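Below is one structure; the comments refer to it alone.
Numbering (our numbering), first residue to last: 31 to 187.
So this is what it looks like as structure tokens:
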């Protein structure tokens with residue numbers, strides 16, 4: 031079983047604009063299951079598709095069981111179109127800072143205006159340095175999960 035330990039933060043838009051960043055990857059993702067504590071989703075980029083399953087692991091909002099499998103792109107697109115009802119769209123940037131990888135999602139569509147940074151950790155109490163563009167932690171705020179954003183988008187807050 032895979033375990034994901036992740037913390038989420040909001041991003042300061044003005045500081046983010048000044049960050050030197052690599053080319054981002056455009057993702058569309060849709061949910062087959064998205065209820066409290068578990069999700070099954072399809073994520074598709076221009077070149078790849080993934081089936082991803084997550085479930086809550088204990089009482090922590092940081093740790094979840096996670097399984098992810100690359101699937102053929104044409105099948106991912108078909109599943110996205112035929113089996114999902116809610117989804118999100120974003121550009122993801124991978125930023126290395128102080129020895130850690132930060133995944134920064136710049137949302138579009140109904141979630142335009144929202145930028146979220148995630149960092150995966152080895153343990154829940156692992157110490158790390160925050161970039162200056164990282165602001166408020168939202169790990170414990172369920173509204174910021176991609177599954178929640180697919181049902182209750184940022185534009186409606």
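Ideal Cβ placement from N, Cα and C applies to all residues, glycine included. Because the structure is a prediction, the values reported are computed rather than measured.
Mind checking residue i: buried by the 16 CB within 10 Å criterion, or exposed?
i: residue 59; result: buried
i: residue 180; result: buried
i: residue 38; result: buried
i: residue 115; result: exposed
i: residue 99; result: exposed
i: residue 64; result: buried
i: residue 128; result: exposed
i: residue 187; result: exposed
i: residue 137; result: buried
i: residue 131; result: exposed
i: residue 117; result: buried
How long is the line joining the alpha carbons of residue i and residue j, rounded to whole angstroms?
i: residue 67; j: residue 53; result: 32 Å
i: residue 103; j: residue 94; result: 26 Å
i: residue 142; j: residue 170; result: 21 Å
i: residue 133; j: residue 40; result: 12 Å
i: residue 140; j: residue 72; result: 18 Å
i: residue 56; j: residue 113; result: 20 Å
i: residue 47; j: residue 105; result: 35 Å
i: residue 62; j: residue 70; result: 5 Å
i: residue 183; j: residue 157; result: 31 Å
i: residue 45; j: residue 166; result: 14 Å
i: residue 101; j: residue 76; result: 13 Å
Find the nearest neighbour of residue i within the set the options, judged by alpha-carbon distance.
i: residue 36; options: 92, 155, 69, 125; result: 92
i: residue 32; options: 78, 71, 97; result: 97
i: residue 135; options: 129, 101, 128, 164; result: 164
i: residue 49; options: 172, 161, 178, 174; result: 161
i: residue 176; options: 145, 76, 166; result: 145
i: residue 125; options: 77, 154, 51, 167; result: 51
i: residue 34; options: 78, 80, 154, 185; result: 154
Does the distance between the C-beta of residue i and the nearest non-hydrogen atom of the ligand HEM fall short of 6 Å?
i: residue 86; result: Looking for the ligand HEM in the displayed structure turns up nothing, as the structure carries no ligands at all.
Item to complete: Would you check if the segment 98 to 109 and the segment 146 to 162 touch, i.e. whether three or more CB-CB distances between them fall below 8 Å?
Response: No, the segment 146 to 162 is not in contact with the segment 98 to 109.
Worksheet item: Are there three or more Cβ pairs, one per stretch, closer than 8 Å when the segment 76 to 88 is compared with the segment 119 to 134?
Response: Output reads no: the segment 119 to 134 does not touch the segment 76 to 88.
Worksheet item: At what residue ranges does the segment 31 to 67 contain a whole run of the beta strand (DSSP E), taking only runs of 3 or more?
Response: Scanning the segment 31 to 67 for uninterrupted beta strand (DSSP E) segments of 3 residues or longer gives 32 to 41, 55 to 65, listed from N- to C-terminal end.
Worksheet item: Can you list, in chain order, the stretches of the beta strand (DSSP E) that have 3 or more residues and sit fully within the segment 69 to 133?
Response: You should have 79 to 86, 93 to 101, 116 to 127.
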